[in-house]
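Student: Okay, so the sequence shown: first residue is 0 according to numbering that gives the first Met the number 0, each after it adds one. Here a beta-carbon is modelled for each residue, glycine too, at the ideal position from N, C-alpha and C. In this text, all values refer to a predicted model and were calculated from it rather than measured experimentally.
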Amino acid sequence: MKTKYERLLSLYKEALIVEEVLMFLYWDRDVTMPKGGVKQKAEQVAYLSQLEHEKRIKPEIGILLKEIQNHSDYNSFTELEKRNVFLINRQYYKIINIPPEFVGEFNKQCVIANDAWEKAKDESDFSLFLPELEKMIDFNKKYAHFLNPDIDPYDALIDYSEPGMTQEKFEKIVNPLKEATVQLLKKCIEAEKQPNLTILSRKVPIKLQKKLNNDVLKLVEYDLNRGRLDETVHPFTTGNYDDVRITTKYYEDNMISALMSTMHEAGHGTYEQNVGKNGRYQPIGMWCSDGIHEGCARFYENIIGLSNPFWKFYFPKLKEVTGEIYSEVSLEDFVFAINRTKPTAIRTDADELTYNLHIILRFEIERDLLNGRIKVEDLPIIWSKKMKDLLDYEVQNDAEGVLQDIHWSDGLMGYFPTYTLGNIFGAQIFSQLKKEIPNWETQIESGNLKVVLDWFKVNVHERGNIKDSHEMVKEITGEEVTSEYLINYLQEKYTYLYDLD
Numbered sequence: 000m001k002t003k004y005e006r007l008l009s010l011y012k013e014a015l016i017v018e019e020v021l022m023f024l025y026w027d028r029d030v031t032m033p034k035g036g037v038k039q040k041a042e043q044v045a046y047l048s049q050l051e052h053e054k055r056i057k058p059e060i061g062i063l064l065k066e067i068q069n070h071s072d073y074n075s076f077t078e079l080e081k082r083n084v085f086l087i088n089r090q091y092y093k094i095i096n097i098p099p100e101f102v103g104e105f106n107k108q109c110v111i112a113n114d115a116w117e118k119a120k121d122e123s124d125f126s127l128f129l130p131e132l133e134k135m136i137d138f139n140k141k142y143a144h145f146l147n148p149d150i151d152p153y154d155a156l157i158d159y160s161e162p163g164m165t166q167e168k169f170e171k172i173v174n175p176l177k178e179a180t181v182q183l184l185k186k187c188i189e190a191e192k193q194p195n196l197t198i199l200s201r202k203v204p205i206k207l208q209k210k211l212n213n214d215v216l217k218l219v220e221y222d223l224n225r226g227r228l229d230e231t232v233h234p235f236t237t238g239n240y241d242d243v244r245i246t247t248k249y250y251e252d253n254m255i256s257a258l259m260s261t262m263h264e265a266g267h268g269t270y271e272q273n274v275g276k277n278g279r280y281q282p283i284g285m286w287c288s289d290g291i292h293e294g295c296a297r298f299y300e301n302i303i304g305l306s307n308p309f310w311k312f313y314f315p316k317l318k319e320v321t322g323e324i325y326s327e328v329s330l331e332d333f334v335f336a337i338n339r340t341k342p343t344a345i346r347t348d349a350d351e352l353t354y355n356l357h358i359i360l361r362f363e364i365e366r367d368l369l370n371g372r373i374k375v376e377d378l379p380i381i382w383s384k385k386m387k388d389l390l391d392y393e394v395q396n397d398a399e400g401v402l403q404d405i406h407w408s409d410g411l412m413g414y415f416p417t418y419t420l421g422n423i424f425g426a427q428i429f430s431q432l433k434k435e436i437p438n439w440e441t442q443i444e445s446g447n448l449k450v451v452l453d454w455f456k457v458n459v460h461e462r463g464n465i466k467d468s469h470e471m472v473k474e475i476t477g478e479e480v481t482s483e484y485l486i487n488y489l490q491e492k493y494t495y496l497y498d499l500d
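This is the structure:
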């Protein structure tokens with residue numbers, strides 16, 4: 000019986016190794032590939048993605064799953080072994096009806112669409128991306144049908160990123176957050192106390208920014224011996240275990256953008272470096288869900304990276320590296336500026352308060368696209384209207400509007416909700432951390448991030464995929480998932496910053 004179980008894990012590992020190679024092809028596409036290599040890269044990606052899928056739906060896997068689960072000895076399996084079987088079984092029957100040829104064509108189209116998206120974004124012209132986006136939406140509709148033909152297509156895609164999540168559940172969780180955010184944002188905008196935003200636009204040479212970014216990576220225990228930091232158009236993380244690569248994007252006149260992007264990706268990266276405790280190349284030794292992944296990233300970026308305790312410790316270092324640039328700036332003014340809240344165009348540069356409104360906008364558009372309620376060619380107009388309605392922001396052009404995100408060109412419809420779920424998970428888990436480490440602020444102020452990071456590593460990273468996300472959060476915090484903790488966190492933070500009543 001154990002021999003069959005070991006064979007099942009061996010087949011799972013085979014597919015995962017192919018997936019690893021595929022991930023690094025995407026990294027190569029975005030970091031080092033010459034411009035003329037798009038079509039060739041598309042062929043490589045198509046071949047490997049089809050091969051990976053074929054390995055994941057091998058008939059032998061289905062036979063082994065039935066034999067193992069129907070055998071009398073199955074009851075003697077440990078809980079972790081049963082979890083491995085459960086996860087392989089869930090994945091197998093979720094994707095078994097997806098033709099390998101379709102997977103290859105879908106991934107090939109992703110490479111072509113990504114190239115079109117980059118050109119369209121550079122020229123701020125949605126029409127250059129429109130034909131490829133229409134194809135991507137068709138692929139997503141077909142993909143959703145293959146996953147589960149009996150449910151709403153967008154529900155099928157959300158569930159793939161966040162097992163057990165649906166549109167209805169997501170709306171129920173985020174609606175209180177949406178209402179509270181709009182009210183709090185209005186108070187902050189109307190507040191008498193406002194930050195000096197010129198602090199953020201001071202020019203910091205890229206060479207100095209790279210020094211700061213690499214220093215921060217060491218602080219948050221991202222292992223550069225098992226990882227690397229590169230530049231790209233859109234920051235991302237890829238890889239796992241001993242080869243985890245992250246990227247960032249530098250702006251000479253916006254130092255904090257790259258620094259927070261790097262901390263965000265370090266949150267993803269350390270999760271991948273630490274996640275294999277329960278068994279490398281086993282389902283339980285993989286990340287839990289996209290929402291938990293984003294929760295890790297947003298925890299590092301926001302809860303640590305934008306916190307007053309962190310900058311009490313790190314602001315002197317920033318001044319030391321940048322010389323005269325911030326010499327007369329006070330800690331209070333700097334922290335207020337980097338935590339400012341105001342409606343802005345770009346999601347990745349949005350503050351903690353407005354960020355979730357950006358996600359809700361994308362959620363509503365994706366939902367309506369997948370269900371045929373809106374037309375692809377109308378997206379720039381729809382996007383601009385929703386930005387005005389939700390954030391009271393007038394979109395100036397396609398590049399800062401509908402073309403700003405890489406996700407649709409990468410076939411990632413249904414992923415956006417996981418960012419807000421990550422914020423919700425992170426805030427709820429943080430509430431438990433504060434109970435168990437009541438002096439967390441003084442620890443960070445003294446430069447001892449290790450106490451907080453180790454707690455997060457043990458309680459989140461090293462759990463891997465032994466529970467689904469909602470079960471994991473409940474196990475850590477003792478409560479069902481709720482946006483209440485994120486709402487309280489944001490209200491407390493912005494009430495303090497803006498001296499609100």
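State the Cα-Cα distance for the pair residue 214 and residue 157, rounded to the nearest angstrom.
Tutor: Distance between the alpha carbons of residue 214 and residue 157 is about 36 Å.
Student: Sort out for me which residues DSSP pairs residue 238 with in a bridge.
Tutor: DSSP output for residue 238 lists 243 as bridge partner(s).
Student: Quick one: using the 10 Å Cβ neighbour count with 16 as the cut-off for buried, is residue 161 buried or exposed?
Tutor: Label assigned to residue 161: buried.
Student: Which residue wins for smallest C-alpha separation from residue 491, given the options 172, 184, 139?
Tutor: Checked all of 172, 184, 139; the closest Cα to residue 491 is 184.
Student: Residue ranges of each beta strand (DSSP E) run of no fewer than 3 residues wholly in the region 375-446, ordered along the chain?
Tutor: The region 375-446 contains no whole beta strand (DSSP E) run of 3 or more residues.
Student: Could you please give the first and the last residue of the uninterrupted alpha helix (DSSP H) stretch that includes residue 226?
Tutor: Premise fails: residue 226 lies in the beta strand (DSSP E), 226-230, not in any alpha helix (DSSP H).
Student: From residue 147 to residue 212, what does the alpha carbon distance come to, in whole angstroms?
Tutor: Approximately 43 Å between the Cα atoms of the pair.
Student: Can you give me the C-alpha to C-alpha distance between residue 186 and residue 496, rounded to a whole angstrom?
Tutor: The straight-line gap from Cα to Cα measures roughly 12 Å.
Student: Closer than 8 Å by C-beta to residue 53: which residues in its own chain qualify, once you throw out the five before and the five after it? Chain order, please.
Tutor: Once the five neighbours on either side are set aside, the close Cβ partners of residue 53 are 99.
Student: Alpha carbons only, please: which of 318, 422, 403, 453 is nearest the one belonging to residue 118?
Tutor: Residue 118 has its Cα closest to that of 403, out of 318, 422, 403, 453.
Student: Which of the three DSSP states, helix, strand or coil, is assigned to residue 207?
Tutor: Residue 207: helix per DSSP, three-state reduction.
Student: Less than 7 Å separating the beta-carbons of residue 425 and residue 297?
Tutor: Against a cut-off of 7 Å, the Cβ pair of residue 297 and residue 425 comes out as a contact.
Student: Pick helix, strand or coil for residue 339, following the three-state DSSP scheme.
Tutor: Residue 339 falls in the coil class under three-state DSSP.
Student: Could you tell me the distance, in whole angstroms, from the CA atom of residue 174 to the CA atom of residue 120?
Tutor: Straight-line Cα distance between these residues: approximately 31 Å.
Student: Count the other C-beta atoms from every protein chain shown that fall within 10 angstroms of the C-beta of residue 69, then say buried if there are 16 or more, exposed otherwise.
Tutor: Result: exposed.
Student: Taking only three categories from DSSP, how would you classify residue 15?
Tutor: Looking at residue 15 - three-state DSSP - the assignment turns out to be helix.
Student: Can you tell me which of 25, 84, 279, 267 puts its alpha carbon nearest to the alpha carbon of residue 106?
Tutor: Nearest C-alpha to residue 106: 25.
Student: Can you give the Cα-Cα distance for residue 502 and residue 340, rounded to whole angstroms?
Tutor: Shown here, the chain extends from 0 to 500; a query on residue 502 therefore has no answer.
Student: Which same chain residues, not among the five before or five after residue 222, have their C-beta less than 6 Å away from its C-beta?
Tutor: So the qualifying residues of the chain are 272.
Student: Looking only at C-alpha atoms, which of 421, 442, 83, 479 sits nearest to residue 292?
Tutor: Closest option to residue 292, Cα to Cα, is 421.
Student: I'd like the list of long-range same chain contacts for residue 393, defined as Cβ closer than 8 Å, with 5 residues on each side in sequence excluded.
Tutor: So the list reads 383, 386, 387, once near-sequence residues are dropped.
Student: With a cut-off of 8 Å, do at least 3 Cβ pairs link the region 297-313 to the region 437-448?
Tutor: Yes, the region 297-313 is in contact with the region 437-448.
Student: Going by alpha carbons, who is nearest to residue 15 out of 39, 3, 47, 43?
Tutor: Among 39, 3, 47, 43, the Cα nearest to that of residue 15 is on 47.
Student: Would residue 287 and residue 471 be called neighbours here (beta carbons separated by less than 7 Å)?
Tutor: Their beta carbons are under 7 Å apart, which means residue 287 touches residue 471 by this criterion.
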